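Let me begin by presenting the structure, written as structure tokens, before commenting on it.
Number of protein chains: 2
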Amino acid sequence: MAAKLFPLPANKGDRARRKLLMAALEKFAAKGYDSASIREIADAAGQNVASIAYYFGSKKKLYIALLEGIGGHLREVFAASAGEMLARLDGGTLESAEAVSGLQQMMRTMIGLQFRGGDFDKVRQIMIHEQTAPSDCYPILYEGMLRPLHERFTRLLAIARGEDPEQPEVILRAHALFGQAISFTWARPTIVRRLGVRQLDDSHLGSITALIDEHIDLICNSHSVSPR
Amino acid sequence: MAAKLFPLPANKGDRARRKLLMAALEKFAAKGYDSASIREIADAAGQNVASIAYYFGSKKKLYIALLEGIGGHLREVFAASAGEMLARLDGGTLESAEAVSGLQQMMRTMIGLQFRGGDFDKVRQIMIHEQTAPSDCYPILYEGMLRPLHERFTRLLAIARGEDPEQPEVILRAHALFGQAISFTWARPTIVRRLGVRQLDDSHLGSITALIDEHIDLICNSHSVSPR
DNA sequence: AATAAAATCAATCGATCGTTTGACTTTTCG
DNA sequence: CGAAAAGTCAAACGATCGATTGATTTTATT
Numbered sequence: 055m056a057a058k059l060f061p062l063p064a065n066k067g068d069r070a071r072r073k074l075l076m077a078a079l080e081k082f083a084a085k086g087y088d089s090a091s092i093r094e095i096a097d098a099a100g101q102n103v104a105s106i107a108y109y110f111g112s113k114k115k116l117y118i119a120l121l122e123g124i125g126g127h128l129r130e131v132f133a134a135s136a137g138e139m140l141a142r143l144d145g146g147t148l149e150s151a152e153a154v155s156g157l158q159q160m161m162r163t164m165i166g167l168q169f170r171g172g173d174f175d176k177v178r179q180i181m182i183h184e185q186t187a188p189s190d191c192y193p194i195l196y197e198g199m200l201r202p203l204h205e206r207f208t209r210l211l212a213i214a215r216g217e218d219p220e221q222p223e224v225i226l227r228a229h230a231l232f233g234q235a236i237s238f239t240w241a242r243p244t245i246v247r248r249l250g251v252r253q254l255d256d257s258h259l260g261s262i263t264a265l266i267d268e269h270i271d272l273i274c275n276s277h278s279v280s281p282r
Numbered sequence: 055m056a057a058k059l060f061p062l063p064a065n066k067g068d069r070a071r072r073k074l075l076m077a078a079l080e081k082f083a084a085k086g087y088d089s090a091s092i093r094e095i096a097d098a099a100g101q102n103v104a105s106i107a108y109y110f111g112s113k114k115k116l117y118i119a120l121l122e123g124i125g126g127h128l129r130e131v132f133a134a135s136a137g138e139m140l141a142r143l144d145g146g147t148l149e150s151a152e153a154v155s156g157l158q159q160m161m162r163t164m165i166g167l168q169f170r171g172g173d174f175d176k177v178r179q180i181m182i183h184e185q186t187a188p189s190d191c192y193p194i195l196y197e198g199m200l201r202p203l204h205e206r207f208t209r210l211l212a213i214a215r216g217e218d219p220e221q222p223e224v225i226l227r228a229h230a231l232f233g234q235a236i237s238f239t240w241a242r243p244t245i246v247r248r249l250g251v252r253q254l255d256d257s258h259l260g261s262i263t264a265l266i267d268e269h270i271d272l273i274c275n276s277h278s279v280s281p282r
């Protein structure tokens with residue numbers, strides 16, 4: 055289930071390819087595409103500078119290969135976490151109450167991703183870089199990852215509130231709800247300082263999950279009822 | 055009220071300083087600190103490369119001067135938009151119902167900032183860059199701008215829900231609510247594509263404001279009441 | 001073992017980076 | 001007016017960038 059970001063290959067050349075991809079993930083995440091040099095990437099991979107041109111053709115093509123690997127990997131994670139629910143959603147056999155818990159499930163998966171360590175730290179950084187300063191490679195992430203997720207979330211929200219998933223208002227609301235979860239990643243320096251901690255831990259994860267669940271519940275189950 | 059980001063100076067030297075700051079705002083926003091070169095900044099300002107060292111000492115110090123100017127300017131904007139409410143909040147004479155509309159007011163100000171064109175586009179980009187890939191200059195923005203705003207918002211939320219503004223759960227909830235508004239800036243490429251539009255317009259602003267108002271209302275007025 | 005293919009490497013290319021220098025022009029002020 | 005101060009500018013510095021070359025070593029195949 056928990057597949058590696060890039061599987062361990064047998065041949066020697068593919069092993070060097072993988073080492074370069076992992077080093078590129080680390081360096082691009084830490085400093086962004088422009089500021090990460092192919093020399094430090096090659097050094098971190100234990101390879102020569104020329105190996106990048108040899109295996110990928112150019113720095114840009116190495117980056118593209120990395121983005122495609124990330125997209126495929128994250129799709130797998132979501133399929134493993136909420137696969138059968140999303141399948142029923144795509145099949146059209148999902149009722150309102152199920153949609154609400156589906157929204158909460160997707161939110162929990164997203165929040166959980168933000169608390170995974172290791173390579174996920176770097177994957178998040180890369181995605182943030184591409185969101186906030188999109189390169190011409192952004193469509194790779196959008197089409198391969200962001201759009202499928204966003205559309206599904208919007209459809210769940212539409213079912214939960216009895217609305218039309220094509221309406222701009224519904225899409226905007228879905229985006230705002232998403233923003234709640236993502237804010238703990240993209241503005242992590244700020245929330246960490248505000249809490250006065252060194253880093254977020256499992257107790258924070260629990261609090262965030264609980265409050266997001268509560269928000270989803272209120273927004274889906276109490277709307278169009280005059281607030282008392 | 056609507057003060058310029060950097061006031062127009064009289065002397066010749068200060069005018070060159072301002073031209074450099076405005077050009078730096080544009081270039082740092084567009085490409086980030088590392089990728090923006092002092093040559094293109096000087097060119098855009100109609101100045102020589104050496105003028106940056108002459109007026110600011112170095113590229114880094116130019117950036118610091120820019121961040122300080124941004125922080126001061128945004129504080130003015132918020133003071134002009136919600137000054138008396140925030141003053142009453144700081145004075146401690148704010149009741150629950152007022153706190154709810156205060157939250158909505160702050161949210162509307164933040165959302166509105168995201169729809170202002172001109173230099174605000176660039177200010178947002180700079181702040182996003184510093185949030186997602188903090189440089190050693192990040193504390194300038196945090197202490198001078200983010201923390202005062204975040205603390206006030208948290209205190210409003212605590213009053214509105216009858217909670218303790220020091221509790222981590224309250225700080226985390228305030229952050230999540232903030233995230234709803236900011237998501238339209240930091241993930242703008244995604245929401246624009248999802249809507250299938252070229253850019254967000256006033257009708258989107260209206261929809262976003264309405265739905266955020268609704269969320270604030272639900273979260274502050276319907277909580278701890280068993281959902282129907 | 002011999003040959004071809006794949007992989008690795010040091011060295012180098014032209015371009016651009018931030019910074020510095022020193023001469024030059026403009027402004028300021030007694 | 002004339003000297004000092006402030007501002008401007010082209011040129012050059014060493015460093016680093018992405019990319020390329022051509023030789024060398026390692027692996028795979030017959």
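Here the protein sequences line up with chains B and F, keeping their order. Going left to right, the first sequence walks through residues 55 to 282 as the working numbering numbers them. Going left to right, the second sequence walks through residues 55 to 282 as the working numbering numbers them. Built from N, CA and C at the ideal position, the CB exists for glycine as well. The structure presented is a predicted model; accordingly, all values stated were derived computationally and were not measured.
Item, Value
"Which same chain residues, not among the five before or five after residue 157 of chain F, have their C-beta less than 8 angstroms away from its C-beta?", "207, 210, 211, 214, 231, 270, 274"
"Check whether the stretch 99 to 113 of chain F touches the stretch 91 to 104 of chain B, counting contact only when three or more Cβ pairs, one atom from each stretch, lie closer than 8 angstroms.", "no"
"Using a Cβ cut-off of 8 angstroms (strictly closer), state whether residue 78 of chain B contacts chain F.", "no"
"Would residue 55 of chain B be called buried (16 or more neighbouring beta carbons within 10 Å of its own) or exposed?", "Here the model assigns residue 55 of chain B a pLDDT of 41, short of 50, so the residue's position is not dependable and the matter cannot be decided."
"Please tell me whether residue 70 of chain F and residue 120 of chain F are closer than 8 angstroms, where the distance is taken between their beta carbons.", "no"
"So residue 132 of chain B packs on residue 229 of chain F, CB below 8 angstroms; how close in whole Å?", "Actually they do not touch by this definition, with Cβ atoms about 24 angstroms apart."
"Closer than 8 angstroms, Cβ to any Cβ of chain F: which residues of the stretch 188 to 205 of chain B, in chain order?", "188, 192, 196, 200, 201, 204, 205"
"Can you pull the chain F neighbours of residue 94 of chain B, defined as C-beta to C-beta under 9 angstroms?", "Per Cβ cutoff of 9 angstroms: no residues; residue 94 of chain B is ~14 angstroms from chain F at best."
"Let me see if you follow: with CB-CB separation under 8 angstroms, is residue 68 of chain B close to chain F or not?", "no"
"Any idea if residue 280 of chain F is buried or exposed, counting beta-carbon neighbours within 10 angstroms, 16 or more meaning buried?", "Caution is warranted here: a pLDDT of 38 is assigned to residue 280 of chain F, below 50, making its placement in the model unreliable, and no coordinate value can be reported."
"Roughly how many angstroms lie between the CA atoms of residue 149 of chain B and residue 142 of chain B, to the nearest whole one?", "10 angstroms"
"Looking only at its own chain, which residues have a Cβ that is under 8 angstroms from the Cβ of residue 129 of chain F, when we skip the five neighbours before and after it?", "198, 199, 202"
"Using Cβ-Cβ distances below 8 angstroms, what residues of the stretch 225 to 239 of chain F are close to chain B?", "225, 226, 227, 229, 230, 231, 232, 233, 234, 235, 236, 237, 238"
"Whose C-beta lies closer than 8 angstroms to the C-beta of residue 126 of chain B among residues of the same chain, with five residues either side of it excluded?", "198"
"Less than 8 angstroms between CB atoms is the rule here; does residue 215 of chain B satisfy it with respect to chain F?", "no"
"Residues in the stretch 246 to 262 of chain B with C-beta within 7 angstroms of chain F's C-beta atoms, listed in sequence order?", "247, 248, 249, 258, 261, 262"
"Check this for me: beta carbons of residue 286 of chain F and residue 250 of chain F, under 8 angstroms apart or not?", "Residue 286 of chain F lies beyond the residue range present for chain F, which begins at 55 and ends at 282; the question has no answer from this structure."
"Below 7 angstroms CB to CB, which residues in the same chain sit around residue 80 of chain F once its five sequence neighbours on both sides are set aside?", "98, 176"
"Start and end of the alpha helix (DSSP H) containing residue 243 of chain F?", "242 to 249"
"Take the Cβ of residue 233 of chain F as the centre, count every other Cβ of all protein chains shown within 10 Å, and call the residue buried at 16 or more, exposed below.", "buried"
"Looking only at its chain, what residues have a beta carbon closer than 6 angstroms to the beta carbon of residue 83 of chain B, apart from the 5 residues adjacent to it on each side?", "176, 179, 180"
"Rounded to a whole number of angstroms, what is the C-alpha to C-alpha distance between residue 90 of chain B and residue 65 of chain B?", "28 angstroms"
"How far does the alpha helix (DSSP H) with residue 265 of chain B in it extend, from its first residue to its last?", "256 to 275"
"Taking 8 angstroms as the cut-off, decide whether the C-beta atoms of residue 263 of chain F and residue 162 of chain F are in contact.", "yes"
"Between the Cα of residue 122 of chain F and those of F:268, F:192, F:255, spot the shortest distance and give me the residue it belongs to.", "F:192"
"What residues in its chain sit with their C-beta under 6 angstroms from that of residue 254 of chain F, if we drop five residues either side in the sequence?", "none"
"What are the complete alpha helix (DSSP H) segments, minimum 4 residues, inside the stretch 207 to 246 of chain B?", "222 to 240"
"Please report whether the beta-carbon of residue 219 of chain F lies at a distance below 8 angstroms from any beta-carbon of chain B.", "no"
"Give the single residue among B:174, B:216, B:224 whose Cα lies nearest to the Cα of residue 205 of chain B.", "B:224"
"Span of the alpha helix (DSSP H) holding residue 98 of chain B?", "92 to 99"
"At a CB-CB cut-off below 8 angstroms, which residues of chain F make contact with residue 265 of chain B?", "223, 226, 227, 230"
"Tell me, to the nearest whole angstrom, how far the beta carbon of residue 185 of chain F is from that of residue 241 of chain B; I am working on the premise that it is less than 8 angstroms.", "5 angstroms"
"Tell me, to the nearest whole angstrom, how far the beta carbon of residue 265 of chain F is from that of residue 227 of chain B; I am working on the premise that it is less than 8 angstroms.", "5 angstroms"
"Under the rule that 16 or more other beta-carbon atoms within 10 Å means buried, what is residue 73 of chain B, buried or exposed?", "buried"
"Find out if the Cβ-Cβ distance for the pair residue 88 of chain F, residue 218 of chain B is shorter than 8 angstroms.", "no"
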